[in-house]
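**Q** Can you keep this structure in mind? I'll have questions shortly.
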Amino acid sequence: MTLIKYHPARNLLGLRNNFENLFDDFLTQGRRKWAESTLAVVPAIDLQETDDAFIISAELPGMDKKDISIGFDNNQLTISGEKKSEKNLEEENFHRVERSYGKFQRSFELPGYVERDKIEAEYKNGILTITVPKAEEAKPKQIEVKIK
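See the structure below:
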């Protein structure tokens, strides 16, 4: 019989591995059901303000632009859509499912001084970019003040 000196860090590492395995098992089994829920997809968004416009960029990889909808009502811009799975998760023998599928909706309240008729959107390489121009009266103006 070999005696091994007790080392608390070694026991913590083993405990950590057990927890990781537990979560891996939970995610592998539970992710299928979670991925089918209505909020499984939450796209990352960047909202930028320039002198001339608000620019919203959303990461929507793997989506077809026909599955994306953009609306503007009561100064609220809404991006919604559905990321569809290429395969039926129930029929395949997956060991791990980490990609999310399902419906999503993100809304952002913008100031009332935007040109709603001039809103433009472009979808390229999985990135949706929406440009919301500011109304002329909201743009910063440079005025010259004369010193007396």
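The numbers in the working numbering rise by one with no breaks, and the one at position 43 of the sequence shown is 975.
By construction, the Cβ of each residue, glycine as well, lies at the ideal position given by its N, Cα and C atoms.
Quick caveat, the model's predicted, so the values are computed rather than measured.
1) Using the Cβ count rule (16 or more neighbours within 10 Å means buried), how would you classify F1032?
2) From E1047 to E991, what does the alpha carbon distance come to, in whole angstroms?
3) Which residues mark the beginning and the end of the beta strand (DSSP E) in which Y1055 is found?
4) Where are the beta strand (DSSP E) runs, 3 residues long or more, that stay fully inside the segment 984-1008, in chain order?
5) Quick one: what's R1038 bridged to in DSSP?
6) Determine the extent of the beta strand (DSSP E) in which I1059 is found, giving its start and end residues.
7) Pick out whichever of F986, V974 and P993 has its Cα sitting closest to the Cα of E1041.
8) Can you list, in chain order, the residues of its chain with a C-beta nearer than 8 Å to that of A1053? Leave out the 5 residues immediately preceding and following it.
9) Drop a sphere of 10 angstroms on the beta-carbon of I1011, count the other beta-carbons inside from all chains shown, and report buried for 16 or more, exposed for fewer.
10) Using the C-alpha atoms, what's the distance from A976 back to K998?
**A** In this structure, then:
1) Position check: residue 1032 holds Ser in this sequence, whereas Phe was assumed. It is buried - the Cβ of S1032 has at least 16 other Cβ atoms within 10 Å.
2) 24 Å
3) E1052 to K1056
4) 985-991 and 1000-1005
5) I1011
6) I1059 to P1065
7) F986
8) I1002, L1060, T1061, I1062 and T1063
9) buried
10) 19 Å
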